[in-house]
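Counted from 1, the sequence shown has number 86 at position 87 by numbering that gives the first Met the number 0; the numbering is strictly sequential.
We put the beta carbon where it would ideally sit given N, CA and C, even for glycine.
Only a predicted model underlies this, so the values are computations on that prediction, with no experimental measurement involved.
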Amino acid sequence: MGRQLGNIKITGTFDGLSFYNHKIYGPLVRGKTGPPPKDVKTSPRYENTRRHYTDFGGVSRNNALLRRGLGKLIKKETTVVSRLQSVLWEVLRCDSKNEWGKRSLAKALSAPAGKQLMEGYEINTHHAFVDQLKVQMIDGQIKVSWSKKTPQPKTSLHLAITVATLGIDFSGRTFELKQSPVNFTSRSASPARLSIPEPVLKDKWPLKFLVIQVKKAHKLKNEVLVKDNAECSLRILKVMDKSTKNSAKA
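Shown next, in the form of structure tokens:
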């Protein structure tokens, strides 16, 4: 991908070149090249290209469904979509049962390697507050305490913690999100430990994602408050399919 180094401000197409402004990388330019669209759709020469487009398009649609399912738990960041697309593309390759061009993200996430890629994935990267906490899953409870590696802050640090379970059906394009009540914790010399029940959904969902959201809160007088647009992190703790033994049952 070419990048403009001068101060000439051009947008649009000029002599076979497309000039545009990227939100992150600034002014870029690319050439309008490639085979005729009809050849890509019908010619045997481009069979592998069509397979790639099919798999990539499926990942893109599932990426959008996953983000819609998580809803307001995701803080809007410029790179959320592209980063999630990259990791889901890697996950898709874990589907060893279907051939290239017919791979299924649901089956890939049911494979141990696919789950391993997603578990621990940080969706919101700018403020990884989860790293300051020790999170354990024990008997249907999410145990949260401050990590011993976290240094004592100079000022009070208040966090709002939400645990959620997302049930999703990629083929049916449906989802259900169930959240725990918001739990507050503050960093102190003797930090309290939280025990949050895992939100439980019915077993009808082919896949379930257990996630934890940690938001920065602030104290006003004797009350701890959190803003809707507050800095937050969102991490996938566990991916469950129908063969996974749930730690808690509905």
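- Within the stretch 136-170, the beta strand (DSSP E) runs of at least 3 residues that lie entirely inside it are, in chain order, 140-145 and 157-168.
- When secondary structure is reduced to three states using DSSP, PRO36 falls in the helix class.
- Note on ASP94: 16 or more other CB atoms within 10 angstroms of its CB, so buried under the neighbour-count rule.
- The continuous beta strand (DSSP E) containing GLU175 extends over residues 173-178.
- Our two residues, LEU108 and ASP240, have alpha carbons roughly 8 Å apart in a direct line.
- Taking C-alpha positions only, LEU176 is separated from SER103 by approximately 22 Å.
- In the DSSP annotation of this structure, the continuous segment of the alpha helix (DSSP H) that includes VAL80 starts and ends at 79-91.
- By the neighbour-count criterion, in which 16 or more other beta carbons inside 10 Å mark a residue as buried, TRP204 falls on the buried side.
- PRO196: member of the beta strand (DSSP E) spanning 193-196, first to last residue.
- Under a 10 Å Cβ-count criterion, PRO196 is classified as exposed, with fewer than 16 other Cβ atoms of the shown protein chains found around its own Cβ.
- Assigned with DSSP and collapsed to three states, PRO26 falls in strand.
- The C-beta of LYS114 has 16 or more other C-beta atoms within 10 Å across all chains shown, which makes the residue buried.
- Scanning its chain for C-beta atoms nearer than 6 Å, with the 5 sequence neighbours on each side dropped, one finds around VAL162 the residues ILE141, SER179, ILE195 and ILE211, in chain order.
- Restricting attention to LEU83, ASP202, ARG67 and LEU236, the CA atom closest to the CA of PHE208 is found in LEU236.
- Within the DSSP bridge table, the entry for HIS21 names GLY25 as partners.
- Judged by DSSP in its simplified three-state form, THR184 adopts strand.
- Under DSSP, PHE208 forms a beta bridge with LEU165 and VAL238.
- GLY56 is the residue among TYR52, GLY56, TYR45 and ARG192 whose C-alpha sits nearest the C-alpha of PHE169.
- Cβ-Cβ distances below 8 Å link GLU118 to ILE235, LEU236, LYS237 and VAL238 in the same chain, with the five nearest sequence neighbours on each side left out; the list follows chain order.
- Using a Cβ distance threshold of 8 Å, THR243 and PRO198 do not count as a contacting pair.
- Per DSSP, reduced to three states, the secondary structure at LYS133 is strand.
- Within a 10 Å sphere around the beta-carbon of ASN123 sit 16 or more other beta-carbons, which makes this residue buried.
- Judged by their CB atoms, TRP99 and ARG50 are nearer to each other than the 8 Å cut-off.
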